Amino acid sequence: MKQSPKSILGVTLLEIMLVLAIAAVVIMTSVKFYKGASASQQSGAYLEQVQTIITAADTLAQGASAYAAVTQAAVSANLGGSQYMGTQWGSFSFNTPANGATSYTITYPANVPTAIWTAVNAQLSANPRIVTITSAGFTYDSTK
1 MKQSPKSILG
11 VTLLEIMLVL
21 AIAAVVIMTS
31 VKFYKGASAS
41 QQSGAYLEQV
51 QTIITAADTL
61 AQGASAYAAV
71 TQAAVSANLG
81 GSQYMGTQWG
91 SFSFNTPANG
101 ATSYTITYPA
111 NVPTAIWTAV
121 NAQLSANPRI
131 VTITSAGFTY
141 DSTK
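The working numbering puts the first residue of the sequence shown at 1, with every later residue one more than the last.
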């Protein structure tokens, strides 16, 4: 007895291709979502670290009533060690200008992804004491 093609059960090539296309869309969407969430988490952690450095510098300046005595070593010590000045992309640099009475500059590590420092700079721009913001870092002025 011969079977007709209609009575043969199975999956057609079209059905397999449809399932693979749906799976590909789901995978691409989940990868895009993961990358976005990861970048958001990294920029949040980076911003928190920047704010911690600002707080440490302000704490040190309160005792001296100026930033002239505030150095990178003093900020690192206030934070508990130099590892708190570092990120996965390198270390922050803390510089006090020659007059140093009211301001300082924090320089970002050189390898920070553009998306991270862009997000951080957008958040920092709301602080009126941060007067100069670039891709390399920012200047904080306590008189503002």
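Even glycine gets a Cβ: it sits at the ideal position worked out from N, Cα and C.
Predicted model, so just to flag it, every value in this text is computed and none were measured.
Do residue j and residue i count as a contact pair if the criterion is CB distance below 7 Å?
| i | j | result |
| --- | --- | --- |
| G90 | N121 | no |
| S93 | W117 | no |
| G86 | Y108 | no |
| A115 | A45 | no |
| S43 | A119 | yes |
Excluding the 5 residues preceding and the 5 following residue i in the sequence, name in chain order all residues of the same chain whose CB lies nearer than 6 Å to its CB.
| i | result |
| --- | --- |
| Q123 | L47 |
I'd like to confirm the pairing. Which residues does DSSP put opposite residue i in its beta bridges?
| i | result |
| --- | --- |
| Y140 | Y104, I130 |
| T87 | G90 |
Under the three-state reduction of DSSP, which class applies to residue i: helix, strand or coil?
| i | result |
| --- | --- |
| N166 | Given that the chain is displayed from residue 1 to residue 144, the structure contains no residue 166 and the question cannot be resolved. |
| T114 | helix |
| Y67 | coil |
| V26 | helix |
Give me, in chain order, the residues of the same chain whose beta-carbon lies closer than 8 Å to that of residue i; leave out the 5 immediate sequence neighbours on both sides.
| i | result |
| --- | --- |
| S142 | D58, A61, Y67, T102, S103, R129 |
| P97 | S103, Y104, T105 |
| V50 | F92, I106, V120, L124 |
Would a check of beta-carbon distances place residue i closer than 7 Å to chain D?
| i | result |
| --- | --- |
| I116 | The structure shown contains no chain D, having only a single protein chain. |
The region 43-60 / the region 73-83 touching (three or more Cβ pairs under 8 Å):
yes
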